[in-house]
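Chemist: Please read through the structure below; I'll follow up with questions.
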Amino acid sequence: MRTTKFLGLPLLFFIYLIISIPFQGCDPDDDENECDTCIMVYKPNIYIYPDEQIELSVNLKFPMGGKIVASNPEYGTGWNILVDTSGLINNTYPYLFYESTQPDVWQRNYGWIIQTDNLESFFRQNMADYGFNDREINDFIEYWIPRLTDYPLYTIYPQTKSIIDDVIQLDFSKQPENILRLFYVINGHNQLQNKLTAPIIDGFKREGYFVAEWGVILK
Numbered sequence: 015m016r017t018t019k020f021l022g023l024p025l026l027f028f029i030y031l032i033i034s035i036p037f038q039g040c041d042p043d044d045d046e047n048e049c050d051t052c053i054m055v056y057k058p059n060i061y062i063y064p065d066e067q068i069e070l071s072v073n074l075k076f077p078m079g080g081k082i083v084a085s086n087p088e089y090g091t092g093w094n095i096l097v098d099t100s101g102l103i104n105n106t107y108p109y110l111f112y113e114s115t116q117p118d119v120w121q122r123n124y125g126w127i128i129q130t131d132n133l134e135s136f137f138r139q140n141m142a143d144y145g146f147n148d149r150e151i152n153d154f155i156e157y158w159i160p161r162l163t164d165y166p167l168y169t170i171y172p173q174t175k176s177i178i179d180d181v182i183q184l185d186f187s188k189q190p191e192n193i194l195r196l197f198y199v200i201n202g203h204n205q206l207q208n209k210l211t212a213p214i215i216d217g218f219k220r221e222g223y224f225v226a227e228w229g230v231i232l233k
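FYI, the numbering for the sequence shown is 15 to 233, going by the working numbering.
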């Protein structure tokens, strides 16, 4: 009887260890190459439009795990900035820039299939429909259209604020009245894929003190 109890303790300890080991996720301290569930969000630009000059602290949080891998100005432990009513930050930057890794939980149930030759006109109209202005759209077009040339077709899955907030939280010391957040998951294809259901696009009011952010998850 004593032998049985003695052998049972190591077995119980072994089972405890197995249960206690977390499944691999996207821990903030993980190296990107060691995280099999992480995916990169490229070049999110955060445009800030206060209704008066304002000093702000801006912080990013990753409730599902993740980390910032690039930023401008340097993120450090958060951005502490001065923003005027034109959106100019610290008299230098037109927007806050970062790139990050986090779990791949982005939706791929609805979106659009666009031929490469039509990408520019698509994004100009689509981003305008969501509420971006000409400057923000031109920044997107200038950077991304030259980089989307490897395939004849692209599927584009929009990720709106309610989705993004679950993965990347954007916190301000003074909260904006309205925040527009839109990421695109973009996949290249050589052949036509199954048809996608187009989403309903909600308009955005660019009034008072507001923020607009776009980014891309490129597959």
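We treat Cβ as the ideally placed atom computed from N, Cα and C, and that holds for glycine. Everything numeric in this text was worked out from a predicted model, so none of it was measured.
Identify, in the order they occur along the chain, each residue of the same chain with its Cβ nearer than 8 Å to the Cβ of A212, setting aside the five sequence neighbours on each side.
Modeler: As a first step, residue 212 must be located in the sequence shown, where it is residue number 198. These residues qualify, in order along the chain: Y124, G125, W126.
Chemist: Cα separation between Y89 and Y144?
Modeler: Sequence index remark: in the sequence shown, residue 89 carries index 75 (1-based). Sequence index remark: in the sequence shown, residue 144 carries index 130 (1-based). The alpha-carbon atoms of Y89 and Y144 are separated by roughly 27 Å.
Chemist: Thinking T130 and Y168 are a contact (beta carbons under 8 Å), I'd like their distance in whole angstroms, please.
Modeler: The residue given as residue 130 occupies position 116 in the sequence shown. The residue given as residue 168 occupies position 154 in the sequence shown. Right, their Cβ atoms sit about 7 Å apart.
Chemist: On the three-state DSSP scale, how would you describe P36?
Modeler: Locating residue 36 in the sequence shown gives position 22, counting from the first residue. Residue confidence for P36 is low, a pLDDT of 38 falling below 50, so the modelled location carries little weight and cannot support an answer.
Chemist: Assess, as a yes-or-no matter, whether the region 182-191 is touched by the region 72-81 under the definition of 3 or more beta carbon pairs within less than 8 Å.
Modeler: Cβ pair count under 8 Å is three or more, so yes.
Chemist: How would you label A226, buried or exposed, when you count the other beta carbons within 10 angstroms and need 16 or more for buried?
Modeler: Residue mapping note: residue 226 aligns to position 212 of the sequence shown, counting from 1. Per the 10 Å Cβ criterion, buried.
Chemist: Would you kindly report the start and end of the unbroken beta strand (DSSP E) that includes W93?
Modeler: Position 79 of the sequence shown, counting from 1, holds the residue named residue 93. Unbroken beta strand (DSSP E) run through W93: 93-97.
Chemist: To which residues of the same chain is G217 closer than 7 Å at the C-beta, ignoring the five residues directly before and after it?
Modeler: As a first step, residue 217 is located in the sequence shown; it is residue number 203 there, counting from the start. Answer for G217: G145, listed in chain order.
Chemist: In chain order, what residues of the same chain have a beta carbon less than 8 Å from the beta carbon of Y56, not counting five sequence neighbours either side?
Modeler: Reading the sequence shown from its first residue, position 42 is the one you call residue 56. For Y56, where only same-chain residues beyond five positions count, the Cβ hits under 8 Å are E113, G229, V230, I231, L232.
Chemist: Near E221, what residues of its chain come up, given a Cβ to Cβ distance below 6 Å and the 5 sequence neighbours on each side ignored?
Modeler: Along the sequence shown, one-based indexing puts residue 221 at 207. Nothing meets the Cβ criterion.
Chemist: Give every residue of the same chain whose Cβ lies closer than 8 Å to the Cβ of E191, excluding the five residues on either side of it in the sequence, and list them in chain order.
Modeler: On the sequence shown, residue 191 is found 177 positions in, with the first residue counted as 1. Here the set comprises E221, G222, Y223, F224.
Chemist: Taking the alpha carbon of E134 as the point to measure from, which residue in R122, R161, P58, P117 has its own alpha carbon closest?
Modeler: Stepping through the sequence shown from its first residue, residue 134 is reached at position 120. If we check each option's Cα against that of E134, R161 comes out closest.
Chemist: Mind checking V119: buried by the 16 CB within 10 Å criterion, or exposed?
Modeler: As a working mapping, residue 119 is identified with position 105 in the sequence shown. When all chains shown are included, V119 counts as exposed.
Chemist: Here's the rule I'm using: 16 or more other beta-carbon atoms within 10 Å means buried, otherwise exposed. How should R195 be labelled?
Modeler: In the sequence shown, the residue the question calls residue 195 occupies position 181. Classification for R195: buried.
Chemist: Would you give the residue range spanned by the beta strand (DSSP E) that E66 belongs to?
Modeler: Locating residue 66 in the sequence shown gives position 52, where the first residue counts as 1. Premise fails: E66 is in no beta strand (DSSP E) and is neither H nor E.
Chemist: Please determine, among I68, N152, I53, F111, the residue with the shortest C-alpha to C-alpha distance to N189.
Modeler: What you label residue 189 is simply residue 175 of the sequence shown in a count that begins at 1. The displayed chain sequence assigns Gln, not Asn, to residue 189. If we check each option's Cα against that of Q189, I68 comes out closest.
Chemist: Quick one: which unbroken alpha helix (DSSP H) runs of 4-plus residues sit fully inside the region 146-211? Chain order, please.
Modeler: Taking only runs of at least 4 residues, the alpha helix (DSSP H) segments lying wholly in the region 146-211 are 148-158, 175-181.
Chemist: To the nearest angstrom, report how far apart P166 and P58 are at their CA atoms.
Modeler: By 1-based counting over the sequence shown, the position of residue 166 is 152. By 1-based counting over the sequence shown, the position of residue 58 is 44. Each residue's Cα considered, the two are about 25 Å apart.
Chemist: To the nearest angstrom, how far is it from the Cα of N86 to the Cα of T51?
Modeler: To locate residue 86, count along the sequence shown from 1; it is residue 72. To locate residue 51, count along the sequence shown from 1; it is residue 37. Their Cα atoms are separated by approximately 26 Å.
Chemist: Please classify L110: does DSSP put it in a helix, a strand, or coil?
Modeler: Reading the sequence shown from its first residue, position 96 is the one you call residue 110. Of the three classes helix, strand and coil, the one that applies to L110 here is strand, per DSSP.
Chemist: What did DSSP end up calling N140 once you bin it into helix, strand or coil?
Modeler: The sequence position of residue 140 within the sequence shown is 126, counting from 1. It is helical.
Chemist: Report the three-state DSSP secondary structure of T115 (helix, strand or coil).
Modeler: Counted from its first residue, the sequence shown places residue 115 at position 101. Strand, per DSSP.
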